[in-house]
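First up is the structure itself, then whatever we jot down about it.
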Amino acid sequence: MKHRGRHRRRRRGAVLRAVLTGTALALTATATLISASQADVTDSPGALKSLSSPADTSRLRLQEQLVPARALDRLSSAMGTPVGVDDVLASADRDMSEAAGCSSGDRASLPVSPSADRAYCWDPADASATDWRPASVTTSGDADDDGLWGTHRVVLAGWTHSASTGRAAERGLARVAFVNADDPARLTYRWVLLVLPVRDGQDYRGLASGISGMVWYQDKLLVTAGAGGAEALYVYDLDRIQRTTVDGPAIGRVPGGWSADGYRYVMPAVGSYRFTAGRCSAAGPPCPGALALDRSTVPDSLVAAEWTAPGADRTARLWRYAFGADPERGGPLAADASGQVPAVEAYRTRAAGIRGVLSYRRPGADHPSWYVGHLPGSRDGHGGLWRQDVTAAKAAHCGADASHRCWAEDAGSLSYWQATGEVWSLSDRMLFSLPLAELDRSLG
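One point on numbering: in full-length UniProt numbering, the residue at position 277 of the sequence shown is 277, and numbering is uninterrupted.
This is the structure we're talking about:
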């Protein structure tokens, strides 16, 4: 079942902007959160270094592997007709609170400079679940260039369960909050569990891997998973969400129907991309981390950042892949006849512990700007966000000690909603947004 009209170019303008525009929140995050002892841990990563040699770019090549259509159809036939995003939003059973209704601890996790324009904390049932951690965000602003999916404004937030704590059935699982953002004063959401088809579509299992980046492009969701392993990206189809029928702790087919550890919805992967050069390593392919969509390129492109440990004394890679022109293909990236996907641009940065990445080229600019949000070396407290290009790097300053640790605590990925000019991200406690123009002003 395909989402009819998902690629139509709908009108932009006053209605969408009016929904998103509002006065800046009176947030309690202040420069006093940054202590003098933290000022020396975020040195400038400097200018980007372009990577163009075959030895460098060949390590970034992907191999597309699609789940056979017969397997996906077999699973859909057994579970029932797939549902779409609208169905998930209509069944939302969680509420988010605006910043004023959140705890001081929640608000303290927000950026110091620039401050968030809008911010929300999660339903207490999820905020108190310390075994789960939010890490990635993407929106309907990525999915379609008018910022809408059908008639809805939607935010997707990816969470990962700790592999070592909590109930054994949940360990290492990945889930996505489907957030209805039509009314900025009342956000609601519903969970969807990410799964993988097995036994040629006769069953499924949970995606037991941390997810660090997500991009929603047209009807596909790309997810980084398995850092340290062979998988670079998993691909999910937003028109292939399935409804479970048994409310139990198991995941997969059970007597009497289908279960997903209590989740009402699952989304089975439809494909994956793996590095042709093997497992990630310092000398081989990068361990994939943050993802983002760049609509300032032709064609649109997927940008990625390498995960390295915070404070690591080695460079990380930033690179991009082009999206394909055929929306009916199972794989959204531009692959050749053998299913291989080359990187079309790559750089090295001295930033470490990267959790968020954006790339955007302004009209008339010679080079794109890359925005890199990263954790502090101690992985404690606020991180930094730098804007880099091939000439320099800039970051906001905050506090009497002029620290660069002005970004959110344990910040996750970044997503640019081009139709409204806003950047969405999340801390370890809150979902927030701010104008890209304001972010640029804070960076000088």
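Backbone N, C-alpha and C fix where the C-beta goes; we use that ideal spot for every residue, glycine too.
All values reported here derive from a predicted model rather than from experimental measurement.
Could you give the residue range of the beta strand (DSSP E) that holds residue i?
i, result
"glycine 141", "That residue, glycine 141, is in no beta strand (DSSP E); its alpha helix (DSSP H) goes 140-143."
"valine 372", "369-374"
"glutamate 64", "62-66"
"proline 268", "265-275"
"isoleucine 354", "354-360"
"serine 415", "415-417"
So, are the CB atoms of residue i and residue j less than 8 Å apart?
i, j, result
"alanine 352", "alanine 290", "no"
"alanine 408", "proline 114", "no"
"valine 192", "methionine 79", "no"
"threonine 224", "proline 286", "no"
"leucine 318", "alanine 305", "yes"
"histidine 161", "aspartate 183", "no"
"leucine 443", "lysine 394", "yes"
"arginine 320", "serine 296", "no"
"valine 154", "valine 176", "no"
"valine 341", "glutamate 64", "yes"
"threonine 276", "tryptophan 258", "no"
"aspartate 336", "histidine 367", "no"
"arginine 350", "proline 124", "no"
"glycine 412", "glycine 377", "no"
"residue 449", "glycine 384", "Summary: the structure shown does not reach residue 449, with the chain confined to residues 1 through 444, and so no result is reported for it."
"alanine 143", "glutamine 202", "no"
Starting from residue i and walking both ways along the alpha helix (DSSP H), at which residues does that stretch end?
i, result
"methionine 79", "69-79"
"glutamate 438", "436-442"
Using the three-state DSSP reduction, which class does residue i fall into: helix, strand or coil?
i, result
"proline 124", "helix"
"glutamate 422", "strand"
"arginine 253", "strand"
"methionine 430", "strand"
"proline 54", "helix"
"serine 104", "helix"
"alanine 39", "With a pLDDT of 38 at alanine 39, under the threshold of 50, the modelled position of that residue is not reliable, and the figure given next carries that caveat. Of the three classes helix, strand and coil, the one that applies to alanine 39 here is coil, per DSSP."
"glycine 201", "helix"
"alanine 177", "strand"
"alanine 90", "helix"
"valine 246", "strand"
"alanine 99", "helix"
"arginine 59", "helix"
"valine 341", "strand"
"alanine 298", "Checking the sequence shown, residue 298 turns out to be valine, not alanine. Three-state result, valine 298: coil."
"valine 85", "helix"
"threonine 151", "coil"
"aspartate 237", "strand"
"glycine 206", "strand"
"serine 113", "coil"
"alanine 47", "coil"
"arginine 186", "coil"
"alanine 334", "coil"
"leucine 27", "Reliability fails at leucine 27, whose pLDDT of 39 lies under 50, so the model's placement of it is uncertain and no value is given."
"serine 259", "strand"
"alanine 232", "strand"
"arginine 171", "coil"
"alanine 365", "coil"
"alanine 129", "coil"
"leucine 293", "strand"
Just confirm the distance between the C-beta atoms of residue i and residue j, as a whole number of angstroms; I'd bet it's less than 8 Å.
i, j, result
"alanine 135", "isoleucine 241", "21 Å between Cβ atoms; not a contact."
"threonine 151", "methionine 214", "With 8 Å as the limit, threonine 151 and methionine 214 do not qualify as a contact, their Cβ atoms being about 22 Å apart."
"leucine 221", "leucine 207", "So it is not a contact: roughly 12 Å between Cβ atoms."
"arginine 429", "aspartate 106", "5 Å"
"proline 197", "valine 67", "6 Å"
"leucine 414", "leucine 358", "5 Å"
"alanine 269", "valine 235", "6 Å"
"alanine 322", "alanine 334", "4 Å"
"valine 85", "leucine 187", "About 15 Å; that fails the 8 Å criterion."
"alanine 419", "aspartate 117", "Actually they are not in contact, since the Cβ atoms of alanine 419 and aspartate 117 sit about 15 Å apart, beyond 8 Å."
"alanine 346", "threonine 57", "6 Å"
"leucine 426", "alanine 157", "6 Å"
So who's on the other strand from residue i, going by DSSP bridges?
i, result
"alanine 395", "Trp386"
"alanine 225", "Ile211"
"proline 288", "Glu306"
"residue 449", "As displayed, the chain neither begins before 1 nor continues past 444, which places residue 449 out of reach and without an answer."
"valine 192", "Val176"
"tryptophan 407", "In DSSP, tryptophan 407 forms no bridge with anything."
"threonine 349", "Ala316"
"arginine 329", "The partner list for arginine 329 (beta bridge, DSSP) is empty, contrary to what the question assumes."
"alanine 283", "None, per the DSSP bridge assignment."
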